[in-house]
Amino acid sequence: GPEVVFEGVVRAYGGVPALGPLDARLPAGAFVALVGASGAGKSTLLRMVNRLVEPDSGRVLIGGVPVADRPAAALRRSIGYVFQSIGLMPHMSVAENIRLPARVAGADRGVPAPDVPALLAAVELPADYAGRRPQALSGGEAQRVGVARALATGARLMLLDEPFGALDPVTRDAVGRRYRALHDRLGLTSLMVTHDMAEALLLADRILVLDRGRLVGEGAPADLLAGR
Ligand code: ADP
Ligand code: ADP
5 GPEVVFEGVV RAYGGVPALG PLDARLPAGA FVALVGASGA GKSTLLRMVN RLVEPDSGRV
65 LIGGVPVADR PAAALRRSIG YVFQSIGLMP HMSVAENIRL PARVAGADRG VPAPDVPALL
125 AAVELPADYA GRRPQALSGG EAQRVGVARA LATGARLMLL DEPFGALDPV TRDAVGRRYR
185 ALHDRLGLTS LMVTHDMAEA LLLADRILVL DRGRLVGEGA PADLLAGR
């Protein structure tokens, strides 16, 4: 996946500062965790990448290109988005759910039809899950379908907002490790929001610590554990 750079990004809501000024770099292919208490500005920073939130000043670059220079719809097609509530459509099968973002993007606009069996294999779900309804899945299986759906438009940059937070601790670790292996296998760049430092230490190459909108810590897990 591509490199992502935040240059002096600032955001307030209704005049109340929420984030920044903040500079950070996610190296190409890195798995970066964004850690901090509720309200620290994690989601605001994450959503600047796919322009669900626009900075008041500063800018975000993906692979050297400012996101503000790209139409939001095309930008979002190129970025996978995984969130806690997953949001699978209950009346659609797993395969239909996986195909949905690519279909919304428009097959007639040259977006290739997703290879559902390959995507299920990528998240280590059996091929015959394609015909199941979401309610027939466990929480961990549903979140893996969410990951497959996020990959379906060919995205190699992934945004994950508390992706495994609703799962019980044992499932959370297992799904997290599977996702980490997938990240490595596909060479993704991943930015994961979590309030759980243990999860960040387990999965990430690099951790950014946010406190009240400011970057207060940054480093590899070993550096943070050593207090460097
Ligand atoms: P986190 O993801 O770390 O919990 P957020 O980025 O969601 O933090 O929020 C940072 C701050 O901005 C919080 O004080 C939150 O209440 C505020 N905030 C976030 N989104 C909005 C919004 N749409 N309108 C008003 N305030 C918001
Ligand atoms: P919350 O943090 O409030 O629980 P979610 O993180 O679950 O909300 O979802 C944030 C919003 O982004 C939702 O309204 C969802 O429909 C929307 N969304 C989902 N996927 C994408 C995408 N690929 N690009 C842009 N927006 C998306």
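According to full-length UniProt numbering, the sequence shown is numbered sequentially starting from 5. For each residue, glycine too, the CB sits at the ideal point set by N, CA and C.
If you follow the alpha helix (DSSP H) that D188 is in, where does it begin and where does it stop? Note, D188: alpha helix (DSSP H), P173 to L190.
Going along the chain, which residues of its own chain have a beta-carbon closer than 6 Å to the beta-carbon of L65, five neighbours each way excluded? Exclusion of the five residues before and after L65 leaves V9 as the residues of its chain whose Cβ lies within less than 6 Å of its Cβ.
Which runs of the alpha helix (DSSP H) at least 4 residues long sit entirely within the region 102-171? Give them in chain order. Listed in chain order, the complete alpha helix (DSSP H) runs (minimum 4 residues) inside the region 102-171 are 120-126 and 143-155.
Relative to ligand 1, is the shortest distance from any of its heavy atoms to the C-beta of Y183 smaller than 8 Å? Relative to ligand 1, the beta carbon of Y183 is positioned no closer than 8 Å to any heavy atom.
With distances taken from each beta carbon to the nearest heavy atom of ligand 1, which residues come in below 5 Å, in chain order? Output, sorted by chain position: Y17, A22, S42, G43, A44, G45, K46, S47 and T48.
Reduced DSSP secondary structure (H/G/I, E/B, other) of L56: The answer is coil: DSSP assigns L56 none of H, G, I, E or B.
Start and end of the alpha helix (DSSP H) containing A226? For A226, the enclosing alpha helix (DSSP H) starts and ends at P225 to L229.
Going by CA-CA distance only, name the one from V213, L229, D73 and A152 that's closest to L127. The question names Leu, but residue 127 in the sequence shown is Val. If you compare the alpha carbons of V213, L229, D73 and A152 with that of V127, the shortest gap goes to A152.
Under the assumption that G62 contacts G12 (Cβ atoms under 8 Å), give the Cβ distance between them as a whole number of angstroms. The pair is a contact, with the Cβ atoms about 4 Å apart (cut-off 8 Å).
Under the three-state DSSP convention, the category L206 falls into: Residue state, collapsed to three classes: helix.
Assign L229 to buried or exposed, taking buried as 16 or more other Cβ atoms, counted over all protein chains shown, within 10 Å of its Cβ. Per the 10 Å Cβ criterion, exposed.
Taking only the alpha-carbon atoms, compute the straight-line gap between P118 and S89 and give it to the nearest angstrom. In this structure, the alpha-carbon of P118 lies about 23 Å from that of S89.
Going along the chain, which residues of its own chain have a beta-carbon closer than 6 Å to the beta-carbon of H199, five neighbours each way excluded? Once the five neighbours on either side are set aside, H199 has no close Cβ partner at all.
When we look at the beta-carbon of H187 and count the other beta-carbons within 10 Å, is it buried (16 or more) or exposed? With 16 or more other CB atoms across the displayed protein chains lying within 10 angstroms of its CB, H187 is buried.
For A106 and P21, I'd like the C-alpha separation in whole angstroms. Rounded to whole angstroms, A106 to P21 spans 36 Å at the Cα level.
Quick one: grab the DSSP three-state call for R74. R74 falls in the coil class under three-state DSSP.
Just verifying my parser: in three-state terms, what is the DSSP assignment at R81? Correct three-state label for R81: helix.
DSSP puts A196 in a beta bridge; with which residues? According to the sequence displayed, residue 196 carries Met and not Ala. In the DSSP output, where bridge partners are listed per residue, M196 has A37 and L164.
Nearest chain B C-beta to H95 closer than 9 Å, yes or no? In the structure shown, chain B does not exist; there is a single protein chain.
Would Q139 be called buried (16 or more neighbouring beta carbons within 10 Å of its own) or exposed? Exposed, by the Cβ-count rule.
Restricting to Cα atoms, I'd like to know which of A224, P225, A131 and G84 is closest to G5. Minimum Cα distance to G5 is reached at G84.
Start and end residues, beta strand (DSSP E) containing R29: Unbroken beta strand (DSSP E) run through R29: V20 to L30.
Apart from the five residues on each side of it in sequence, which residues of its chain come closer than 7 Å, Cβ to Cβ, to L123? For L123, where only same-chain residues beyond five positions count, the Cβ hits under 7 Å are I102, A152, L155 and A156.
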